[in-house]
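Visitor: This is the structure, below, for whatever I ask next.
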Amino acid sequence: CFVLQLYNFGETVSIVFWADTWKPEGFFDKIEKNRQNGMHTLCLLDIKVKEQSLENLMKGRKIYEPPRYMSVNQAAEQLLAIIQNRRLQGQETGITEDTICVGLTRVGALDQKIASGTLHQMSAVELGSPLHSLIVTGTMHPLELEMLKLFSVDSSSFENNAFQRTT
71 CFVLQLYNFG ETVSIVFWAD TWKPEGFFDK IEKNRQNGMH TLCLLDIKVK
121 EQSLENLMKG RKIYEPPRYM SVNQAAEQLL AIIQNRRLQG QETGITEDTI
171 CVGLTRVGAL DQKIASGTLH QMSAVELGSP LHSLIVTGTM HPLELEMLKL
221 FSVDSSSFEN NAFQRTT
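All residue numbers for the sequence shown refer to the working numbering, where the first residue is 71 and numbers rise by one.
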């Protein structure tokens, strides 16, 4: 099913939906650490099922919000926002807009989709209905890179960019 070598994956992270008053970034640090070690990161994307609004929770009402499933492009947008915020604080990040990522949806189903491209490209990709996952790549073997080109949203991102460290 997939093109990245399994033994090259580091710690898995969960990317959660942000709220107006809560925007955790801890997962970003783990992704950076994995990349520093040359490892890929599997990012599991948030799902909100049978969640109550703060108002309904406080009033004791058993009224639930509609289910929400984070998409690859939402996760990519959050990662890009963290990169921008850290740059504004004068920090360099180990992840950039040009970091190669892989979007996965409905893996194992007949209608599964795989798309690869830069983090910036992933922020615009539409992979359809849930469930979605995102992989942020680390150091890639040349064969991994060649296989990812087969799923590229824009092959020029692989050819015009000297972004990727390979073994």
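Glycine included, each C-beta is placed from N, C-alpha and C at the ideal position. Owing to the predicted nature of the structure, the values given are computational and were not obtained by experimental measurement.
I'd like to know if the stretch 177 to 191 and the stretch 122 to 132 are in contact, where contact means that at least 3 CB-CB pairs between them fall below 8 Å.
Guide: no
Visitor: Can you tell me whether DSSP reads residue 89 as helix, strand or coil?
Guide: The sequence position of residue 89 within the sequence shown is 19, counting from 1. Three-state DSSP puts residue 89 in a strand.
Visitor: Find out if the Cβ-Cβ distance for the pair residue 190, residue 168 is shorter than 9 Å.
Guide: Here residue 190 refers to the residue found at position 120 of the sequence shown. Here residue 168 refers to the residue found at position 98 of the sequence shown. Contact flag set, yes.
Visitor: Could you tell me whether the stretch 72 to 81 touches the stretch 136 to 149, using the rule of 3 or more Cβ pairs below 8 Å?
Guide: The stretch 72 to 81 vs the stretch 136 to 149: no contact.
Visitor: Buried or exposed, going by whether 16 or more other CB atoms sit within 10 Å of the CB of residue 110?
Guide: What you label residue 110 is simply residue 40 of the sequence shown in a count that begins at 1. Buried, since its Cβ has 16 or more Cβ neighbours within 10 Å.
Visitor: So, at 8 Å on beta carbons, what are the nonlocal neighbours of residue 233 in its own chain, with the 5 sequence-adjacent residues on each side left out?
Guide: Position 163 of the sequence shown, counted from the start, is the residue given in the question as residue 233. Confidence at residue 233 is low in this model, with a pLDDT of 44, below 50, so its placement is unreliable and the value that follows should be read with caution. Closer than 8 Å at Cβ, skipping near neighbours: 166, 168, 169, 170, 188.
Visitor: Can you tell me whether residue 232 is helix, strand or coil according to DSSP?
Guide: Taking the first residue of the sequence shown as 1, we reach residue 232 at position 162. Here residue 232 scores only 41 on pLDDT, less than 50, and its place in the model should not be relied on; the value that follows carries that caveat. Three-state DSSP puts residue 232 in coil, outside helix and strand.
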